[in-house]
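Asker: Quick note on our numbering: the sequence shown kicks off at 319 and runs consecutively.
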Amino acid sequence: MKKFIFIIMTLILSIVLLSACGSSSTSNEANGEAENEENETNEENEAEETDFPNGPITLIVPYDAGGGTDLGFRALAPAMEEELGVPVVVQNKAGGNGWVGWEELMKSEPDGYTISAINGYVEGYMNPSAKREETLEDITVIANHVYDPGIIASTPGEDRFTTIEELMEYAKENEVKAAFSSVGSDEHFSILTLNKRFGTKFVPVQFGGGAKAITALLGEHVDVVFANVGEVVGPSESGQLDILTVFSEERISQFLPDVPTLEEAIGEEYVNGSSRGLGGPAGMDPEIVEILNSAIEKASNNSEHLDQMTDMGLNINYLNAADFTEMLENQEVTVNEYIDVLGWGE
319 MKKFIFIIMT LILSIVLLSA CGSSSTSNEA NGEAENEENE TNEENEAEET
369 DFPNGPITLI VPYDAGGGTD LGFRALAPAM EEELGVPVVV QNKAGGNGWV
419 GWEELMKSEP DGYTISAING YVEGYMNPSA KREETLEDIT VIANHVYDPG
469 IIASTPGEDR FTTIEELMEY AKENEVKAAF SSVGSDEHFS ILTLNKRFGT
519 KFVPVQFGGG AKAITALLGE HVDVVFANVG EVVGPSESGQ LDILTVFSEE
569 RISQFLPDVP TLEEAIGEEY VNGSSRGLGG PAGMDPEIVE ILNSAIEKAS
619 NNSEHLDQMT DMGLNINYLN AADFTEMLEN QEVTVNEYID VLGWGE
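Now the structure itself:
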């Protein structure tokens with residue numbers, strides 16, 4: 319009897335062990351299959367992530383060649399190429415205060431192969447007379463690249479005023495023709511702001527581009543030019559322009575160390591400039607946006623690119639998509655404050 323019980327118990331134990339082994343084998347197989355599936359999924363995801371870019375990227379500059387925006391992005395393009403491994407081709411599409419280029423951007427496929435320089439001018443959609451249906455939401459913001467402070471410049475032959483103090487006093491009593499690039503630009507807002515805050519009589523004269531505005535001053539068609547640091551460093555060093563003030567919190571020591579801020583000169587602070595970044599059509603894949611954003615960030619820290627930008631008087635100020643979007647939204651608030659002065663009222 320005892321022998322019989324022993325045999326039964328042995329059989330039960332064997333069955334339990336076999337069952338456990340079978341279960342373990344099945345579990346291992348299941349785990350193996352799951353691991354294989356996970357590896358396949360990861361490989362597929364990696365393939366999807368590395369699929370962009372696999373061809374040339376068009377970078378639209380919606381202004382004429384030779385201005386600060388054009389110069390900065392022509393310098394950025396090769397630095398981005400180094401990071402992305404594909405050509406980045408700059409195309410100038412000037413006109414309509416930037417809107418010729420932006421309209422082309424918005425009609426493009428949101429695949430990352432067409433991007434554009436964007437800045438505060440894009441808020442021209444707030445002008446009711448333009449009858450635009452597009453807004454900032456029709457652009458995928460990618461990153462900011464440059465912040466270029468504003469300036470006022472005259473020519474060395476000017477004898478009515480040779481300092482910013484003298485210019486401000488003169489402009490309170492006399493009309494001063496002030497060249498600037500385009501309606502709604504940071505220079506335009508600087509002219510309007512100084513008139514509003516200090517009672518000056520700067521008369522805005524639009525020329526459709528920073529380079530054209532500077533040329534107008536050199537040709538003595540206007541009295542002063544409101545422009546940006548990057549556009550005037552070269553002409554200043556060659557003795558063609560006298561830079562009277564810079565609209566920044568501190569002097570721009572690396573570019574214009576001898577030029578005072580407005581606060582230094584007259585005791586009133588005024589800070590303004592042009593932020594220039596990149597955007598694409600609405601609806602871009604976030605992964606593609608991140609690839610482009612990362613390329614811009616790395617390019618912005620590229621020592622060769624930094625040296626090139628410094629030589630041109632352009633200050634790199636990288637901002638990611640979220641921070642650049644916030645900056646553009648804040649600029650919308652500023653535009654609203656000047657709607658009537660701009661003639662953009664309903």
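Every residue gets a Cβ at the ideal spot worked out from N, C-alpha and C, and that includes glycine.
The model shown is predicted, which means the values in this text are computed figures rather than measured ones.
(1) Going by Cα to Cα distance, which pick from A383, N513, G517, S499 is closest to K523?
(2) Looking at V589 and S566, is the spacing between their C-beta atoms short of 8 angstroms?
(3) If contacts are defined as beta-carbon pairs under 8 angstroms, then L632 and S434 qualify, I think. What distance do you get, rounded to the angstrom?
(4) Please identify the residue among L574, K449, V540, H539 whose C-alpha is closest to the C-alpha of P553.
(5) Do the segment 624 to 641 and the segment 420 to 433 make contact, defined as three or more Cβ pairs closer than 8 angstroms?
(6) Just verifying my parser: in three-state terms, what is the DSSP assignment at R594?
(7) Mind checking E655: buried by the 16 CB within 10 Å criterion, or exposed?
(8) Sort out for me which residues DSSP pairs T376 with in a bridge.
(9) Rounding to the nearest angstrom, what Cα-Cα distance links A639 and L562 in this structure?
(10) Using a Cβ-Cβ cut-off of 8 angstroms (strictly less than) and excluding sequence neighbours within five positions of N363, which residues of its own chain qualify?
(11) Going along the chain, which unbroken runs of the alpha helix (DSSP H) with 4 or more residues stay wholly within the segment 599 to 653?
(12) Taking 8 angstroms as the cut-off, does the segment 597 to 608 touch the segment 505 to 514 (at least 3 CB pairs, one atom from each stretch)?
(13) Can you check which of these residues, V542, S592, I375, is closest to G403 by C-alpha distance?
(14) In this structure, does DSSP put L574 in helix, strand or coil?
(15) What is the rounded straight-line gap between the Cα of L660 and the Cα of S503?
(16) Buried or exposed: where does S592 fall if 16 or more other Cβ atoms within 10 Å of its Cβ makes it buried?
(17) Pull the bridge partners of S472 from the DSSP assignment, please.
(18) When the Cα atoms are used, what is the spatial distance from S345 to M424?
(19) Does DSSP put D456 in a helix, in a strand, or in coil?
(20) Is it right to say G537 is buried, meaning 16 or more other beta carbons lie within 10 angstroms of its own, or is it exposed?
(21) For N415, does the count of other Cβ atoms within 10 angstroms reach 16, so buried, or fall short, so exposed?
(22) Run the CB neighbour count on K411, radius 10 Å, all protein chains shown included, and call it buried at 16 or more, exposed below.
(23) Name the one or two DSSP bridge partners that Y465 has.
(24) Assuming A534 and A471 form a contact by the criterion Cβ under 8 angstroms, report the distance between their Cβ atoms to the nearest whole angstrom.
(25) Which same chain residues end up closer than 7 angstroms to D576 when comparing Cβ atoms and leaving out the 5 residues on each side of it in sequence?
(26) Who are the near neighbours of I609 in its chain, counting only those whose CB is closer than 7 angstroms to its CB and skipping five residues on each side?
(27) Could you name the residues of the same chain whose beta carbon sits closer than 6 angstroms to that of D541, not counting the 5 residues immediately before and after it, in chain order?
(28) So is S618 buried or exposed if we call it buried at 16+ other beta carbons inside 10 Å?
(29) Go ahead and pull the three-state DSSP assignment for A412.
(30) Here's the rule I'm using: 16 or more other beta-carbon atoms within 10 Å means buried, otherwise exposed. How should A397 be labelled?
(31) Leaving out five residues before and five after Q558 in sequence, what residues of the same chain have Cβ atoms less than 8 angstroms from its Cβ?
(32) Apart from the five residues on each side of it in sequence, which residues of its chain come closer than 8 angstroms, Cβ to Cβ, to N513?
(33) Please determine, among E484, E581, E401, the residue with the shortest C-alpha to C-alpha distance to E568.
Answerer: Considering the structure as presented:
(1) If you number the sequence shown from 1, residue 523 lands on position 205. It is worth fixing the name first, because residue 523 is Val in this sequence and not Lys. Taking only the C-alpha atoms, the option nearest V523 is S499.
(2) The residue labelled residue 566 in the question sits at position 248 within the sequence shown. The residue labelled residue 589 in the question sits at position 271 within the sequence shown. The criterion of a C-beta distance shorter than 8 angstroms is satisfied by S566 and V589.
(3) Reading the sequence shown from its first residue, position 314 is the one you call residue 632. Reading the sequence shown from its first residue, position 116 is the one you call residue 434. That pair is no contact at about 18 angstroms.
(4) As a working note, residue 553 is residue 235 in the sequence shown. Selected option, being the one with the closest Cα: L574.
(5) Note that the segment 624 to 641 does not touch the segment 420 to 433; fewer than 3 beta-carbon pairs, one per stretch, sit closer than 8 angstroms.
(6) The residue given as residue 594 occupies position 276 in the sequence shown. The answer is strand: DSSP assigns R594 an E or B state.
(7) Taking the sequence shown and counting its residues from 1, one reaches residue 655 at position 337. When all chains shown are included, E655 counts as exposed.
(8) Numbered from its first residue, the sequence shown carries residue 376 at position 58. In DSSP, T376 forms a bridge with V407, T432.
(9) Looking up residue 639 in the sequence shown gives position 321. Looking up residue 562 in the sequence shown gives position 244. Cα-Cα distance, rounded: 34 angstroms.
(10) Your numbering for residue 363 matches position 45 in the sequence shown. Low confidence applies to N363: its pLDDT is 49, below 50, so where it sits in the model is not reliable, and the reading given next is rough at best. Here the set comprises nothing.
(11) Here the runs fully enclosed are 604 to 618, 621 to 629.
(12) With a cut-off of 8 angstroms, the segment 597 to 608 and the segment 505 to 514 do not count as touching, because too few Cβ pairs lie within range.
(13) The sequence position of residue 403 within the sequence shown is 85, counting from 1. With respect to the C-alpha of G403, the residue from V542, S592, I375 having the closest C-alpha is I375.
(14) Against the sequence shown, residue 574 aligns to sequence position 256. Strand.
(15) Walking along the sequence shown from the start, residue 660 turns up at place 342. Walking along the sequence shown from the start, residue 503 turns up at place 185. Their backbone Cα atoms lie some 11 angstroms apart in a straight line.
(16) Here the question's residue 592 lines up with position 274 in the sequence shown. By the 10 Å Cβ count, S592 comes out buried.
(17) In the sequence shown, residue 472 corresponds to position 154, counting from 1. For S472, which the question treats as bridged, DSSP gives the partners D560.
(18) What you label residue 345 is simply residue 27 of the sequence shown in a count that begins at 1. What you label residue 424 is simply residue 106 of the sequence shown in a count that begins at 1. Summary for S345: the model assigns pLDDT 47, below 50, so the residue's position carries little reliability; its value from the coordinates is reported in the next sentence. If I take the Cα positions, the gap works out to 53 angstroms.
(19) Translated into positions along the sequence shown, residue 456 becomes position 138. Residue state, collapsed to three classes: helix.
(20) The count along the sequence shown starts at 1 and reaches residue 537 at position 219. Exposed.
(21) Position 97 of the sequence shown holds residue 415. The residue in question, N415, is buried, as its Cβ has 16 or more Cβ neighbours within 10 Å.
(22) The residue given as residue 411 occupies position 93 in the sequence shown. Burial state of K411 is buried, judged by a 10 Å Cβ sphere holding 16 or more other Cβ atoms.
(23) Numbered from 1 along the sequence shown, position 147 holds the residue referred to as residue 465. Y465 is bridged by DSSP to S593.
(24) Position 216 of the sequence shown, counting from 1, holds the residue named residue 534. Position 153 of the sequence shown, counting from 1, holds the residue named residue 471. Between A534 and A471 a beta carbon distance of about 12 angstroms is seen, past the 8 angstroms cut, so the two are scored as non-contacting.
(25) On the sequence shown, residue 576 is found 258 positions in, with the first residue counted as 1. No residues qualify anywhere along the chain.
(26) Stepping through the sequence shown from its first residue, residue 609 is reached at position 291. Cβ neighbours of I609 beyond the five flanking positions: F370.
(27) For the purposes of this step, residue 541 is taken as the residue at position 223 of the sequence shown. Taken in chain order, the residues that qualify are V494, K495.
(28) Against the sequence shown, residue 618 aligns to sequence position 300. Buried, by the Cβ-count rule.
(29) On the sequence shown, residue 412 is found 94 positions in, with the first residue counted as 1. A412: coil per DSSP, three-state reduction.
(30) Counted from its first residue, the sequence shown places residue 397 at position 79. Flag for A397 reads buried.
(31) Your numbering for residue 558 matches position 240 in the sequence shown. Excluding the 5 residues flanking it on each side, Q558 has same chain C-beta neighbours closer than 8 angstroms at T473, P474, L536, in chain order.
(32) Taking the first residue of the sequence shown as position 1, residue 513 is located at position 195. Within the same chain, N513 has close Cβ partners K519, F520.
(33) Residue mapping note: residue 568 aligns to position 250 of the sequence shown, counting from 1. For the set E484, E581, E401, the Cα lying nearest the Cα of E568 is the one of E581.
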